[in-house]
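Peer 1:
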Amino acid sequence: MSAENYVDDLRATVRYALETTRAIAVCPFHSEVTIRIGDDAAESHAFERAKRIVKSDGTNWEPKALMGEIGRQLSEAADGECPLCA
26 MSAENYVDDL RATVRYALET TRAIAVCPFH SEVTIRIGDD AAESHAFERA KRIVKSDGTN
86 WEPKALMGEI GRQLSEAADG ECPLCA
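Read left to right, the sequence shown gives residues 26 to 111 (the working numbering).
1) What do you reckon, are the CB atoms on Ile-78 and Cys-107 nearer than 8 Å?
2) Using 8 Å for Cβ pairs, my map puts Val-39 next to Gln-98. What's the rounded Cβ distance?
3) Which two residues bound the contiguous alpha helix (DSSP H) that contains Arg-36?
4) On a Cα-Cα basis, can you pick out the residue from Cys-52, Ile-95, Gly-105, Glu-73 that is closest to Ala-37?
5) What are the boundary residues of the alpha helix (DSSP H) that Ala-71 is part of?
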């Protein structure tokens, strides 16, 4: 998985950063379920990683946009475990 595949899509950029820092995980049995791990350090690291991803036009994502999208994706994720497996 390379960041180059996601640079121009805010949603995909944030998803990449959250997954690669292990702030979120996908349920191995239900691929449609994203699980929030609950690791504050990983979530902060995801923000820092996303900030450093350069778009194809040479610019970076605005921090406010990144924070909003990170918050949205984390709020939609299940807390700690897959609700379909529980």
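Every residue gets a Cβ at the ideal spot worked out from N, C-alpha and C, and that includes glycine.
Peer 2: Let me spell this out:
1) Taking 8 Å as the cut-off, the beta carbon of Ile-78 is found no closer than this to the beta carbon of Cys-107.
2) With 8 Å as the limit, Val-39 and Gln-98 qualify as a contact, their Cβ atoms being about 6 Å apart.
3) That run of the alpha helix (DSSP H) goes 35-45.
4) Of the candidates Cys-52, Ile-95, Gly-105, Glu-73, the one whose C-alpha sits nearest the C-alpha of Ala-37 is Ile-95.
5) DSSP places Ala-71 inside the alpha helix (DSSP H), whose first and last residues are 65-77.
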